[in-house]
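Visitor: Have a look at this one before I ask anything.
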Amino acid sequence: MNHFPQAWGRPRDDVYGAYNHSYLQMTGPKQHTQSPIVTGTSVLAIKFKDGVVIAADNLASYGSLARFTDVKRLRTFNDTTVVGFGGDVSDMQYLDRLLNSLDIEENYYPEGHRLNAQNLHTYLTKVMYKRRSDFNPLWNAILVAGLDGEEKPFLAYVDLLGTRYSSPSLATGFGAHLAQPVLREYVPDEKAAENLTQETAVEAIKKCMKVLFYRDARSLDKYSIAVITKEGVDLKEDEKLENQSWAFADRIRGYGAQVV
Amino acid sequence: MTSIGTGYDLSNSVFSPDGRNFQVEYAVKAVENGGTAVGIRCKDGVVLAIEKIITSKLLKVGANKRISTVDRHVGVVSSGLVPDGRHFVARARDEASSWRKFYKAPISTAMLSNRLGAYVQAYTLYSSVRPFGVTSIIGGWDSEADIPVDGQVGNGPQVGAGGKVTDVKKGGPALYMIEPSGQYWGYYGAATGKGRQAAKAELEKLDLSPTGISLEEGVKEAARIIYVAHEDSKDKEFELEMTWISSLDGPTKGRHQEVPKELREEAERLAKKSLEGDDDDEEEEKTGEEKMEE
Amino acid sequence: MASAFMQPGFGEAPGYSFSQAPTVAASGAREHSFYPYTDNGGSTLGITGQDFAILAGDTRSTSGYNINTRYAPKVFRIGSDDESGAGGHIVLAVCGFAADGEALKERLDAMVKMYRYQHGKPMSVKACAQRLATILYQKRFFPYYVHAILGGLDEEGKGALYSYDPVGSYEREQCRAAGAAASLIMPFLDNQVNFKNQFVPGSGVGHFLEAREPLPLPRKDVEELVRDAFSSAVERHIEVGDGLQMMVITKDGVEEIYHPLKRD
Numbered sequence: 436m437n438h439f440p441q442a443w444g445r446p447r448d449d450v451y452g453a454y455n456h457s458y459l460q461m462t463g464p465k466q467h468t469q470s471p472i473v474t475g476t477s478v479l480a481i482k483f484k485d486g487v488v489i490a491a492d493n494l495a496s497y498g499s500l501a502r503f504t505d506v507k508r509l510r511t512f513n514d515t516t517v518v519g520f521g522g523d524v525s526d527m528q529y530l531d532r533l534l535n536s537l538d539i540e541e542n543y544y545p546e547g548h549r550l551n552a553q554n555l556h557t558y559l560t561k562v563m564y565k566r567r568s569d570f571n572p573l574w575n576a577i578l579v580a581g582l583d584g585e586e587k588p589f590l591a592y593v594d595l596l597g598t599r600y601s602s603p604s605l606a607t608g609f610g611a612h613l614a615q616p617v618l619r620e621y622v623p624d625e626k627a628a629e630n631l632t633q634e635t636a637v638e639a640i641k642k643c644m645k646v647l648f649y650r651d652a653r654s655l656d657k658y659s660i661a662v663i664t665k666e667g668v669d670l671k672e673d674e675k676l677e678n679q680s681w682a683f684a685d686r687i688r689g690y691g692a693q694v695v
Numbered sequence: 002m003t004s005i006g007t008g009y010d011l012s013n014s015v016f017s018p019d020g021r022n023f024q025v026e027y028a029v030k031a032v033e034n035g036g037t038a039v040g041i042r043c044k045d046g047v048v049l050a051i052e053k054i055i056t057s058k059l060l061k062v063g064a065n066k067r068i069s070t071v072d073r074h075v076g077v078v079s080s081g082l083v084p085d086g087r088h089f090v091a092r093a094r095d096e097a098s099s100w101r102k103f104y105k106a107p108i109s110t111a112m113l114s115n116r117l118g119a120y121v122q123a124y125t126l127y128s129s130v131r132p133f134g135v136t137s138i139i140g141g142w143d144s145e146a147d148i149p150v151d152g153q154v155g156n157g158p159q160v161g162a163g164g165k166v167t168d169v170k171k172g173g174p175a176l177y178m179i180e181p182s183g184q185y186w187g188y189y190g191a192a193t194g195k196g197r198q199a200a201k202a203e204l205e206k207l208d209l210s211p212t213g214i215s216l217e218e219g220v221k222e223a224a225r226i227i228y229v230a231h232e233d234s235k236d237k238e239f240e241l242e243m244t245w246i247s248s249l250d251g252p253t254k255g256r257h258q259e260v261p262k263e264l265r266e267e268a269e270r271l272a273k274k275s276l277e278g279d280d281d282d283e284e285e286e287k288t289g290e291e292k293m294e295e
Numbered sequence: 064m065a066s067a068f069m070q071p072g073f074g075e076a077p078g079y080s081f082s083q084a085p086t087v088a089a090s091g092a093r094e095h096s097f098y099p100y101t102d103n104g105g106s107t108l109g110i111t112g113q114d115f116a117i118l119a120g121d122t123r124s125t126s127g128y129n130i131n132t133r134y135a136p137k138v139f140r141i142g143s144d145d146e147s148g149a150g151g152h153i154v155l156a157v158c159g160f161a162a163d164g165e166a167l168k169e170r171l172d173a174m175v176k177m178y179r180y181q182h183g184k185p186m187s188v189k190a191c192a193q194r195l196a197t198i199l200y201q202k203r204f205f206p207y208y209v210h211a212i213l214g215g216l217d218e219e220g221k222g223a224l225y226s227y228d229p230v231g232s233y234e235r236e237q238c239r240a241a242g243a244a245a246s247l248i249m250p251f252l253d254n255q256v257n258f259k260n261q262f263v264p265g266s267g268v269g270h271f272l273e274a275r276e277p278l279p280l281p282r283k284d285v286e287e288l289v290r291d292a293f294s295s296a297v298e299r300h301i302e303v304g305d306g307l308q309m310m311v312i313t314k315d316g317v318e319e320i321y322h323p324l325k326r327d
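Each protein sequence line maps, in turn, to chains C, B and R. Letter by letter, the first sequence follows residues 436 to 695 of my numbering. Letter by letter, the second sequence follows residues 2 to 295 of my numbering. Letter by letter, the third sequence follows residues 64 to 327 of my numbering.
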């Protein structure tokens, strides 16, 4: 195929204007991602004595448009680890495929090494840092939740710059402002996480998801939540926020059904 | 073979006047000396098994696996020249992963077999190569659920354009066998290697119809068949290696995995037992509904 | 009538068939909206003595006003065989952009190890210091955005300390503070380690006052200085806090000490 559409019987230039070659730029600088397009908001996670709880809502926004309302942002890896993605959805899909192929290659060797959450996080860190160093970032903030080599709860963060850190509780995006203070009340340090029960951890995360739905405009009341323990991953992808209270709203103009 | 001395067997890609490719036939000979391999397509999964002749006491028991995972849902076992089998598996893995890169979804066992068939066949065409010295059995479970697209984030529309069509039967077990010529067929039960004749005779007695034996029965039958096929080379010791792929709600959740040790040992115990009490009451009535091959 | 087959050149401005006027792209260099750096705050500090060197850093990691985590180490053992630090004798402290800091740490660590495997002896701190400068300068036009301090014992067994700018300019010093609270800690160190603005009492008047001679400090005093420096920095700098990580390098190896700092 050539790129001279007149030769294919295109409408006349003098009537319709010249064909635009710019869509298929053969020369000039290679364009890299300059900003995310379809995005997911916060991811939250907290460690407890036997594992980690992680959650993210099911929304993918296109700017301020709530574009996709059925998007699963928690991905399981190896049946032992959950990766929670915030930021660009297409980059998340790319990373998901990357992790899938990694998982398949791991399974070529039946008695070989299995990547745990810590290994996976290190791998993702290298991928993210490489891409930022190439000025071609994967526009995500990622939480990795699972167990480390000693089967102790593991939770860590990595983002588009390759920045990484670990903490008893973590939250990306808006959650870093709104949820992290709440979660730190539950687990101020590692010691507290070692004593936290699963029920309390789940309750803490659900509470934070509610706070985020109230105050983050790019959020949804449908979310996914996963509990990772030695027994495996318990992932629920169609949860609905419960016990919302909009009692405050009936006196505020714009919220309820006020006529005047 | 009367071909010796005629010269038609000296080069690959050369036909003899009566239409044979001798190099391919010699490759088949290589396979005929390999350890027996069988595959059974059951209603809810596929079993692969191989008789691994112990060539040296210095080899670690259970090491040096002969059945390989190609993709999550596909396994391959070959009989014949082991390095040729490895190369075959390497190609199969490349095909499976390039399919995923291209279509963002797992390759179907049928498509994989098709591509590998074409690959093996290409090794019969050129004088610079020799045909594969293996016959390979490919077992897979094609997902009966919606095809999980790699990186897929949502479920898509429930109704309207792009909506789901429900109650469509799809996926299921698949079993193929590829020969050195590149010829491949889909099978209910496949056997190759030294004890293939005995194994095929046993496979034909099984009910392998879509409502036939279950995967767990299949595992036990596969073990028994390997033991039966080994009867002719009793002087050599062997190890039994077995893998399986079940449906999504089965024990392996649609993945190709090794049969758990306990189950394999149980199957081996039953196999040995049936061989012991086998000597006189051999005459079983043949339940031949389907003739598998030829 | 213009020819229906008139060819627009590739370099020409695109004209859309549905637009009235051709939209001309703004000429000039496109500005990247992706900025590959961030500042993770925190501060590091190194002081040498006669037969030891101490490197320290707080463990807070920040993004703007957010605290990422209360424990993210900035001081690393270099060239050690495992996590316990056995076999290592060099310590690196980095602050600035943490991802670059860790990448730098890993490269230096690999190089010091390779040196030992290939030459069968540990790398001297002096050689390591030069190597680190080279690594940094290799990325002169896309720098590792970190202030590094390297510490160890020199060939004579004396405490050695090297400080760096992000592109590899370096110098051996007695003491150095780097990072967010460097400007708070460094003057304190000048006074307390190098005895700047300290004079011998009664030695004269005005310009005739004799400066107090700086002497290497004992380890106990230095550890105390480091703790004081950090607990003071915590009071005045929001990016410093949570914990203090100290690495003490002596002829017996590298000892790690952790002290909690205020978490406010």
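The C-beta atom is built at its ideal place from N, Cα and C for all residues, glycine as well.
Under 7 Å Cβ to Cβ from H467/C, same chain only, skipping five residues before and after it: list those, please.
Guide: Residue numbering aside, residue 467/C sits at position 32 when the first sequence is read from its first letter. Closer than 7 Å at the Cβ level, and outside the excluded window around H467/C, lie F570 and N571.
Visitor: Suppose you measure from the CA of S601/C to the CA of C238/R; what does that come to, to the nearest Å?
Guide: As a working mapping, residue 601/C is identified with position 166 in the first sequence. As a working mapping, residue 238/R is identified with position 175 in the third sequence. CA-CA distance, S601/C to C238/R, rounds to 31 Å.
Visitor: Answer yes or no: does any C-beta atom of chain B fall closer than 9 Å to that of P545/C?
Guide: Taking the first sequence and counting its residues from 1, one reaches residue 545/C at position 110. Yes, its Cβ sits closer than 9 Å to a Cβ of chain B.
Visitor: By alpha-carbon positions, which one of G521/C, T516/C and N513/C ends up nearest to V154/B?
Guide: What you label residue 154/B is simply residue 153 of the second sequence in a count that begins at 1. When only C-alpha atoms are compared, the closest one is G521/C.
Visitor: Which of helix, strand or coil does DSSP assign to G610/C?
Guide: On the first sequence, residue 610/C is found 175 positions in, with the first residue counted as 1. Of the three classes helix, strand and coil, the one that applies to G610/C here is helix, per DSSP.
Visitor: Counting only beta-carbon atoms, is G581/C nearer than 9 Å to chain R?
Guide: Along the first sequence, read from residue 1 onward, the residue named residue 581/C stands at position 146. So no, G581/C is outside the interface.
Visitor: Tell me whether A89/R is buried or exposed, calling it buried when 16 or more other Cβ atoms sit within 10 Å of its Cβ.
Guide: Position 26 of the third sequence, counted from the start, is the residue given in the question as residue 89/R. Residue placement at A89/R is flagged as unreliable, the pLDDT there being 49, under the threshold of 50; a coordinate-derived value is accordingly withheld.
Visitor: Can you tell which of G667/C, G608/C, K665/C and A628/C has its C-alpha closest to the C-alpha of D651/C?
Guide: Sequence index remark: in the first sequence, residue 651/C carries index 216 (1-based). It is G608/C whose Cα lies nearest to the Cα of D651/C.
Visitor: When you compare only the Cα positions, how much space is there between V121/B and V130/B?
Guide: If you number the second sequence from 1, residue 121/B lands on position 120. If you number the second sequence from 1, residue 130/B lands on position 129. Taking the straight line joining both Cα atoms gives about 11 Å.
Visitor: Just curious, the beta strand (DSSP E) that Y321/R is in, first and last residue?
Guide: Position 258 of the third sequence, counted from the start, is the residue given in the question as residue 321/R. Counting along the chain, the unbroken beta strand (DSSP E) around Y321/R starts and ends at G316 to P323.
Visitor: Alpha carbon to alpha carbon, how far is T476/C from R502/C? Give it in angstroms, no decimals.
Guide: By one-based count along the first sequence, residue 502/C stands at place 67. By one-based count along the first sequence, residue 476/C stands at place 41. For R502/C and T476/C, the distance between alpha carbons rounds to 13 Å.
Visitor: Starting from P229/R and walking both ways along the beta strand (DSSP E), at which residues does that stretch end?
Guide: Within the third sequence, residue 229/R is the residue found at index 166, counting from 1. Looking at the DSSP string, P229/R is not in any beta strand (DSSP E), and its letter there is neither H nor E.
Visitor: In the stretch 94-106 of chain R, which residues sit with their C-beta less than 8 Å from some C-beta in chain C, listed in chain order?
Guide: H95, S96, F97, P99, Y100, T101 and N103
Visitor: Where does H231/B land, buried or exposed, given buried means 16+ other C-beta within 10 angstroms?
Guide: In the second sequence, counting from the first residue as 1, residue 231/B sits at position 230. That one is buried.
Visitor: With burial defined as no fewer than 16 other Cβ atoms inside 10 Å of the residue's Cβ, what is the status of T632/C: buried or exposed?
Guide: What you label residue 632/C is simply residue 197 of the first sequence in a count that begins at 1. Burial call: exposed.
Visitor: Which bits of chain C does T72/B rub up against, with CB to CB less than 8 Å?
Guide: Here residue 72/B is taken as the residue at index 71 of the second sequence, counted from 1. The amino acid at residue 72/B is misidentified as Thr; the sequence shows Asp. Neighbours of D72/B on chain C, chain order: I539.
Visitor: Do you know how far the Cα of Y27/B is from the Cα of M123/B?
Guide: One-based indexing of the second sequence puts residue 123/B at position 122. One-based indexing of the second sequence puts residue 27/B at position 26. The question names Met, but residue 123/B in the sequence shown is Ala. Their backbone Cα atoms lie some 16 Å apart in a straight line.
Visitor: Cutting at 6 Å between CB atoms, please list the residues of its own chain near H95/R, excluding the five before and the five after it.
Guide: One-based indexing of the third sequence puts residue 95/R at position 32. Annotation note: pLDDT 47 at H95/R (below 50); position unreliable, coordinate value reported separately. So no residue of the chain qualifies.
Visitor: Please name the residue or residues paired with M309/R in a DSSP beta bridge.
Guide: Taking the first residue of the third sequence as 1, we reach residue 309/R at position 246. DSSP lists A119/R and I320/R as partners of M309/R.
Visitor: With a threshold of 16 other CB atoms inside 10 Å of the CB of P158/B, please say whether the residue is buried or exposed.
Guide: Residue numbering aside, residue 158/B sits at position 157 when the second sequence is read from its first letter. Counting Cβ neighbours within 10 Å, P158/B comes out exposed, since fewer than 16 surround it.
Visitor: Are any of the Cβ atoms in chain C nearer than 9 Å to that of E273/R?
Guide: Position 210 of the third sequence, counted from the start, is the residue given in the question as residue 273/R. No - not a single Cβ of chain C is within 9 Å of the one on E273/R.
Visitor: Grab me the residues of K507/C's own chain with a C-beta within less than 8 Å of its C-beta, minus the 5 sequence neighbours each way, in chain order.
Guide: By one-based count along the first sequence, residue 507/C stands at place 72. If we look at K507/C and ignore the five residues flanking it on each side, its Cβ neighbours are N493, S659 and E672.
Visitor: Please list the terminal residues of the continuous alpha helix (DSSP H) segment that includes H548/C.
Guide: Position 113 of the first sequence, counting from 1, holds the residue named residue 548/C. H548/C -> no alpha helix (DSSP H), and no H or E assigned at all.
Visitor: Taking 9 Å as the cut-off, decide whether the C-beta atoms of L176/B and F133/B are in contact.
Guide: As a first step, residue 176/B is located in the second sequence; it is residue number 175 there, counting from the start. As a first step, residue 133/B is located in the second sequence; it is residue number 132 there, counting from the start. Not closer than 9 Å, so no.
Visitor: Nearest to G215/R by alpha carbon, out of D114/R, A244/R and Y128/R?
Guide: By one-based count along the third sequence, residue 215/R stands at place 152. That would be D114/R, whose Cα lies nearest to the Cα of G215/R.
Visitor: Can you check whether the C-beta of N131/R is within less than 9 Å of a C-beta belonging to chain C?
Guide: The residue given as residue 131/R occupies position 68 in the third sequence. By this cut-off, N131/R is an interface position.
Visitor: With A93/B and G194/B assumed to form a contact (beta carbons below 8 Å), what rounded beta-carbon distance in angstroms separates them?
Guide: Translated into positions along the second sequence, residue 93/B becomes position 92. Translated into positions along the second sequence, residue 194/B becomes position 193. Not really, about 19 Å apart at Cβ, beyond 8 Å.
Visitor: In chain B, which residues lie with their C-beta within 8 Å of the C-beta of N535/C?
Guide: Counted from its first residue, the first sequence places residue 535/C at position 100. The contacting residues are R101, D151 and G152.
Visitor: Within the continuous alpha helix (DSSP H) that includes G86/B, where are the two ends?
Guide: Taking the first residue of the second sequence as position 1, residue 86/B is located at position 85. Run containing G86/B: V83 to Y104, per the alpha helix (DSSP H) assignment.
Visitor: Return yes when the Cβ of V157/R is within less than 9 Å of the Cβ of I212/R, no when it is not.
Guide: Mapped onto the third sequence, residue 212/R falls at position 149. Mapped onto the third sequence, residue 157/R falls at position 94. Yes, Cβ-Cβ distance for I212/R and V157/R is below 9 Å.
Visitor: For a contact meaning CB atoms closer than 7 Å, what does T607/C contact in chain R?
Guide: For the purposes of this step, residue 607/C is taken as the residue at position 172 of the first sequence. Per Cβ cutoff of 7 Å: no residues; T607/C is ~11 Å from chain R at best.
Visitor: Between the C-alpha atoms of A490/C and T560/C, what's the straight-line distance to the nearest angstrom?
Guide: Position 55 of the first sequence, counting from 1, holds the residue named residue 490/C. Position 125 of the first sequence, counting from 1, holds the residue named residue 560/C. Cα to Cα, A490/C sits roughly 21 Å from T560/C.
Visitor: What is the DSSP secondary structure of M186/R, counted as helix, strand or coil?
Guide: Locating residue 186/R in the third sequence gives position 123, where the first residue counts as 1. Three-state DSSP puts M186/R in coil, outside helix and strand.
Visitor: Applying the 10 Å Cβ sphere with the 16-neighbour rule, what's the burial state of R203/R?
Guide: As a first step, residue 203/R is located in the third sequence; it is residue number 140 there, counting from the start. Its Cβ having fewer than 16 others within 10 Å, R203/R is exposed.
Visitor: Quick one: residues in its chain with C-beta nearer than 7 Å to the C-beta of V248/R, no 5 flanking neighbours on either side, listed in chain order?
Guide: For the purposes of this step, residue 248/R is taken as the residue at position 185 of the third sequence. It should be pointed out that residue 248/R corresponds to Ile in this sequence rather than to Val. Closer than 7 Å at Cβ, skipping near neighbours: S106, L108, A240, A292 and A296.
Visitor: Please classify L207/B: is it buried, with 16 or more other beta-carbons within 10 angstroms of its beta-carbon, or exposed?
Guide: Stepping through the second sequence from its first residue, residue 207/B is reached at position 206. It is buried - the Cβ of L207/B has at least 16 other Cβ atoms within 10 Å.
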